[in-house]
Structure formats: C-alpha cells, structure tokens
Amino acid sequence: MKKGVTNSIFIISIISFILIMACSKRQKVDLIVTNATIYTVDSTFSTKQSMAIGNGKIIAIGTNQEIDSKYEASNIIDASGKYIFPGFIDPHCHFLGYGTSLSNASLSGAKTWNEVIERLVAHQKEFPSEWVLGRGWNQNEWDIKEFPTNDLLDKAFPNKPVFIVRVDGHAAIANSYALKMAGVTESSKKEGGELIKKDGKLTGVLVDNAIELVRVIIPEIDRATKEQILLKAQENCFEVGLTTVSDAGIDLQDVLLIDSLQKTEKLKMRVYAMLNPTAENFDHFLSKGIYSTDNLTVRSIKLFADGALGSRGALLLQPYTDAPNTKGLQVESTESLLANCERAFKAGYQVNTHCIGDAAVRLMLDNYSKYLKPKNDLRWRIEHAQVVDPQDLNRFGEYCVIPSVQTTHATSDMNWADERLGNRVKYAYAYQDLLKQNGWLPNGSDFPVEDINPLFGFYAGISRKDLNGLPENRFQKENALDRKQALMTMTIWAAKANFEESFKGSLEPGKWADFVILEKDLLVEPESDLPKSKVISTFVAGELVYQKK
C-alpha cells in the first residue's frame, strides 16, 4: 500500500515538474491580446483569436490556445469577443492642414452665405485674431448654387482681413481689406488660377493658384504652435483608428518638425510625406534618395494638374455642362509637370498627381507613359481620379498607375455632380472599374475636405449613400466596393500605395503591431449602423494611444 502511494506521489511529481517546465519555456512577450475576432487582412483574409506582441511588432498570431501555450506576458488584454482590425491608413489627407483648420472657424455644413458670416462673427467674438480665417463653405449646398461676393464680408469686417477657404481647398474668398493688403486689383492675374469678377469688379473669390495672391501674406504659424497643431491632429486621428496618415503636399521645415517630434516620441502617428515640388524640398530630399524611419517615409512628390469639380477648376475634355464657357484649369504647365516627373524618376521617387477632371487624368497618363513601362512597380499615382474618360481607363492597368481615391467624395458630390458633368457623370467615381485595372487601390479621405473618420469612407464605398442613407437606390451602385475590398483599401492596399505593405497594413508576424479594436464587426454589421461604429482603442507598435472613455 505504501509503495503504491509512493509511486503515485512520484508520478504526480513528475507530471507537475513537466508542466512547470513547459510553462517556464513559454516565451515572454510585452503584450498578449486574447479572446478577440482578429481580421488579419493577410493574403487569405484569415481571422484569428489572439496575438503576441514584442518590441512593437507581432511575434505570433493564432488561436487562444496556441498563443497561451507558447507565450506569456504581464500585460494581457482580454478583448471580450470584440473585433480587431489592422490600424487604419489614410493614403491621402492633409494632416498638418487639418490641425491648422481646427483653430479656425468651421464653415462646413453652412446652408447659406449668411450663416457663413454669422459663424465667422461668432468665432471672432470667442477667439479674436489678427486675421479672420475659416474653411468649409460650399455654395453647392445652398439654394442659390453660385459663388458669393464679399459685400457681406466687408460689412461684417470692414477693418480686419478675412480669408476663408472653400471645402475643397481649391477656392477661397477674401474681403476687400485683405485684397487691398495683398495688392490684388481688377488687373491682377495668376497663371493656373482665376479671380472671379462680377460686372468687371472683384467678388473676392479666388480659384486655384489665384488663392496664393492673398494666402502668401497671411502670417506664418510659428514652430511651437505647429507642434500643438500636430499633436491635436494626432489625438483626433487616433480616436477614429488611424495609425498612419499620408500628408499630400508638405514642405521641408514641416517634415523636419514631424521627424523631430517622432524621434522624441511626442508624435506617435506614422506619416508618409508627399513633398511639394519646391527647389528647397528637392535639394534636401531627392538629392539624397529615400528617407525612412520607423515612423516617417519620404519618397514621393505631390503635383497638381487641375483644380476641383465643385469650384469648376477640374480640367475637362469638354466644357462644363452648367458653364459652357469653361473647361476648367490646368494649374501647372505641361513643361513643369514633365520636369518634375523627370526629377522624381531619376531620384527613384514616386509621383502622385492631383487629377480630378478627365482632361487632367489624360494629361498625366500621357506624361507618366514617358517614364513608366508596362508591369513596372514604381506605383506612380493619380490622386482622386474622379472623372475618367472610358478610353483612358485601361491605361491605368497598362502602365500600373495607381488610382488613389476617396469614396466620400462620391457621396458628397452626388447631389450636384450631374449639373457639372451631364452624361459624363456615369464615368465618374468609378471605383470598382478603377480597382479592376491593377487589382487593388487605396482609399483615403482627403481630410479636412472630408471627415477624418475612415469608417465613413468604408460606409460610402460599400453603400454609395450619404450618412442620411440617401439615395435609397444608391448612387451608381455598380461601382460600389464589397466589404473586404473596402477594408483592404484602408489597410493593406493603402500600405501598398506607400511601399509599406511589408511591415504594416495587415496583422501578421514580423509586422508592426498597429491595430484598432472596434465595438462592431465591419464585415457583418448592418450597413446603416456602420457610420455609428466606435473605436474602443487604438494601438501603435503595441502601445495604447487611444482608449474610449
């Protein structure tokens, strides 16, 4: 009997020892996230339950049991069945510009010109400033869909300069005080821009390059203020699940500031910088090749071929349906565009060109074709690609040109786009047709033109409806994306558009642990509920950077 008991104790001891040794062999990691539905967005679009994270990267991902048996951590997050997605990437936005706009008067959604004036007056009372600045007005949302004149601005602000930018950033209106300060008169001209007049007199409306006639005299924001602007923009972006932003048009000093803030870990947002084509930018960066850190990539330039559809600056092959006297504006000469393409090509830099009208798209496809061979991997991009002539559609695939789109532009423009384009509207916002050219495409927001929330873009892409659920029959529904496509456009395909798919955009071993936890499942949630879905928490390199309160 004693012998049997002794043997039993011995066996139990051996088993206990083995279990202890097995446990002790588990690899220590910084963080384990468990009990989740993880959409990896890998090549098979697999779902997992748990992942182990160390040194900011994903060590392993699998079932709860697989991760628990091999890894241990003092920091364990039980996701309680919530949904995890790769950190969202906005492949075309204006990060610094958005932050700047937060301190100015918000004019988005104003239903009349009078309401715009009222908002400006109220903002000045609360936040008095040397210049009255604002952004977001949109005459296409008013009963009278015409550009305003600055008469009411002059009455409200007779002794202070006013400069307010249209929602698209391609038109602005200045009061007479600001025009006088800038030396702008009826005889002023600007190549690639237009000064709108009425009865031979300036209305104050400036389109595309003409905006610079006044903007150039607005005092520059100091470095300390810019730092606060960037940090506030970061805070808001993390709240909606963004972990990487592509700033479409940025200058040397601002890139250096971002780099400095990232290196001191004040700025944790990852940034893909598209350089403005200035001599200073080119001399500093292109002459030295690609610049890359864990958080910042500089390897592309941003060009402009035309303006915007809403302000009739988009360059069309045929005249505007509602303005037969104009085809829009080419805002940079063909010679200059080609010279910039040449410089970028020789430096191994990506070229990303703003093209909204079909003539602008054709112009840049012609220009790109001088440098791009079939089946290249240079990933030169057409930003927006809103109106594409059917004859040019296949050229995106032929030269591997990437259409970089913004699905919320379709639902923002749909109520008036046919007025501008007539029958051509059926070739506009054709995201499914564009996706087929290369088998992938990135989708951003162009914020602050649109809202920063990437879930609004996801919803617009699959529903072709606005946030009010209209139109019920969906705007050109044949070009809607499916849910998997929509998710990929703001994760792995957005990363690919930035040459960053090897280390972000999906949740796989070896990649950065940039991820977002959502309360809703984007792949199955009722369509109408998608815009209301909230981010629970956002992580960059395995670090919590936002937690819903």
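Residue numbers (our numbering): 73 to 621. We treat Cβ as the ideally placed atom computed from N, Cα and C, and that holds for glycine.
Limits of the alpha helix (DSSP H) - the one that residue i falls within
i: Gly469; result: Pro462 to Glu470
i: Glu352; result: Ala351 to His356
i: Phe575; result: That residue, Phe575, is in no alpha helix (DSSP H); it is neither H nor E in DSSP.
i: Thr479; result: Thr479 to Asp485
i: Glu198; result: Trp185 to Glu198
i: Leu285; result: Glu284 to Arg287
i: Gln300; result: Arg295 to Glu311
i: Thr172; result: Phe167 to Ser173
Whole-Å CB distance - residue i paired with residue j, under 8 Å assumed
i: Gly529; j: Met562; result: 7 Å
i: Ile362; j: Gly321; result: Not really, about 18 Å apart at Cβ, beyond 8 Å.
i: Pro520; j: His242; result: Between His242 and Pro520 the Cβ distance is about 13 Å, and since that is not below 8 Å, they are no contact.
i: Tyr111; j: Leu595; result: 7 Å
i: Ala177; j: His195; result: 4 Å
i: Ser517; j: Asp162; result: 6 Å
i: Lys262; j: Glu213; result: That pair is no contact at about 27 Å.
i: Leu192; j: Ala228; result: 7 Å
i: Leu388; j: Asp430; result: 6 Å
i: Val113; j: Ile608; result: The Cβ separation is near 18 Å, so there is no contact.
i: Gly171; j: Ala305; result: 3 Å
i: Ser122; j: Ile139; result: 4 Å
i: Val256; j: Gly208; result: That belief does not hold up - the Cβ atoms of Val256 and Gly208 are roughly 23 Å apart, past 8 Å.
i: Ala345; j: Asp366; result: So it is not a contact: roughly 14 Å between Cβ atoms.
i: Ser476; j: Arg453; result: 5 Å
Range covered by the beta strand (DSSP E) that runs through residue i
i: Tyr503; result: Where Tyr503 is concerned, there is no enclosing beta strand (DSSP E), although the alpha helix (DSSP H) it sits in stretches over Tyr503 to Asn510.
i: Gln619; result: Glu615 to Gln619
i: Val113; result: Careful: Val113 lies outside any beta strand (DSSP E) and carries neither H nor E.
i: Thr275; result: Lys273 to Asp280
i: Glu218; result: Where Glu218 is concerned, there is no enclosing beta strand (DSSP E), given that its DSSP letter is neither H nor E.
i: Leu444; result: Element bounds for Leu444: n/a, residue is neither H nor E.
i: Leu381; result: Element bounds for Leu381: n/a, residue is neither H nor E.
i: Met562; result: First-last for Met562: undefined, no H or E at that position.
i: Phe157; result: Tyr155 to Pro158
Separation of residue j from residue i, as counted between CA atoms
i: Asp271; j: Asp215; result: 22 Å
i: Leu542; j: Ser600; result: 11 Å
i: Asn412; j: Thr406; result: 10 Å
i: Lys691; j: Thr350; result: No answer is possible for residue 691: it lies beyond the span of the chain, which begins at 73 and ends at 621.
i: Ala558; j: Leu513; result: 10 Å
i: Asn551; j: Asp586; result: 30 Å
i: Val101; j: Tyr143; result: 7 Å
i: Leu381; j: Val403; result: 13 Å
i: Ser383; j: Val279; result: 7 Å
i: Lys43; j: Ile474; result: The chain is shown only over 73 to 621; residue 43 falls outside these bounds and no answer can be derived.
i: Leu553; j: Ile149; result: 33 Å
i: Glu580; j: Val612; result: 15 Å
i: Asn308; j: Arg342; result: 14 Å
i: Phe665; j: Leu368; result: Any property of residue 665 remains undetermined from this structure, which presents the chain solely from 73 to 621.
i: Gly206; j: Leu179; result: 7 Å
i: Ala566; j: Gly577; result: 7 Å
i: Val288; j: Arg546; result: 42 Å
i: Glu455; j: Arg295; result: 29 Å
i: Pro66; j: Glu292; result: Look at the range of the chain in this structure, 73 to 621, and you will see that residue 66 is not part of it.
i: Lys120; j: Arg415; result: 45 Å
i: Gly614; j: Pro603; result: 26 Å
i: Lys498; j: Lys549; result: 11 Å
i: Tyr695; j: Asp226; result: In this structure the chain extends from 73 to 621, so residue 695 is not present and cannot be described.
Contacts around residue i, its chain only, beta-carbon distance under 6 Å, and the 5 residues preceding and following it disregarded
i: Pro526; result: Phe160 and Met562
i: Val286; result: Phe235, Ala246, Ala250 and Ala254
Minimum Cβ-Cβ distance from residue i to chain B less than 9 Å
i: Ala532; result: No chain B is present in this structure, which holds just one protein chain.
Residue i CB to nearest heavy atom of the ligand NAP below 8 Å
i: Ile148; result: For the structure depicted, the ligand NAP is absent and the ligand set is empty, with no information on it obtainable.
Own chain residues within Cβ distance below 7 Å of residue i, not counting five before or after
i: Pro220; result: Trp185, Gln211 and Ile245
i: Asn353; result: Asp323, Leu324 and Leu347
i: Asn231; result: Tyr249
i: Gln99; result: Lys142 and Tyr143
i: Ile290; result: Trp203 and Phe235
i: Arg451; result: Gln422, Ile474, Ala569 and Phe571
i: Ser441; result: Tyr471
i: Pro446; result: Glu470 and Tyr471
Close Cβ partners of residue i (< 8 Å) along its chain, the five nearest in sequence each way excluded
i: Leu333; result: Glu299, Leu302, Leu303 and Leu339
i: Ser364; result: Val370 and Arg371
i: Thr275; result: Phe219, Pro220, Thr221, Asn222, Ile245, Ile268 and Lys269
i: Gly533; result: Thr479, Tyr503, Asn515, Ala552, Leu553, Gln557, Ala558 and Thr561
Counting Cβ pairs, one atom from each stretch, are 3 or more of them under 8 Å apart for the segment 416–426 and the segment 363–378?
yes
Below 8 Å, how does it come out for the segment 138–156 and the segment 94–114: are there three or more Cβ pairs, yes or no?
Because the criterion of three Cβ pairs below 8 Å is met, the segment 138–156 and the segment 94–114 touch.
Contact between the segment 491–505 and the segment 381–397 is defined here as three or more beta-carbon pairs at a separation below 8 Å; is this criterion met?
Verdict: yes, contact present.
Would you be able to state if there are at least three C-beta pairs under 8 Å between the segment 123–131 and the segment 468–486?
no
Stretch pair the segment 458–478 + the segment 435–442: three plus CB contacts closer than 8 Å
yes
Given 8 Å, three or more beta-carbon pairs between the segment 501–509 and the segment 448–467
For the pair of segments examined, the segment 501–509 was found to touch the segment 448–467: the number of CB pairs separated by less than 8 Å reaches three.
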